[in-house]
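Counting in the numbering used here, the sequence shown runs from 268 upward without gaps. Here's the structure, in structure tokens; my notes come after.
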Amino acid sequence: MRSGSLCKFSIAIFLSVMLITPRAASVRAQQSQPAQNEQDDVVKVDTALVQLHAVVTDRKGQVVGNLKQEDFTVTENGTPREIKFFSLEN
């Protein structure tokens, strides 16, 4: 084999081993873990900021520009939420 072919062959073998090894390790880890309780642990998270993206179009499908923060209302379960940051992107 030429050195270029040998290098490509070595890389292919390395990638194959890397793809097989994690999968085999995770299968062994799953088999060795004891059965979990029927009820899973609950994690509660409080979110202070949520980022929303919106594309506004008219009836013809054209993007509407020149919108301001006052043109939008964000609600959560029917309760209006404050829009703290607003920006337009092209």
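Virtual Cβ for every residue (Gly too), placed ideally from N, Cα, C. Keep in mind the model is a prediction, meaning the values are calculated, not measured.
Taking the Cβ atoms as the reference, V331 lies roughly 4 angstroms from V323, within the contact range of under 8 angstroms. Contact check for K335 against F352 fails: the beta carbons are separated by 9 angstroms or more. Between the C-alpha atoms of E349 and E343 there is a straight-line separation of about 10 angstroms.
Under the three-state reduction of DSSP output, E349 falls in the coil class, being neither helix nor strand.
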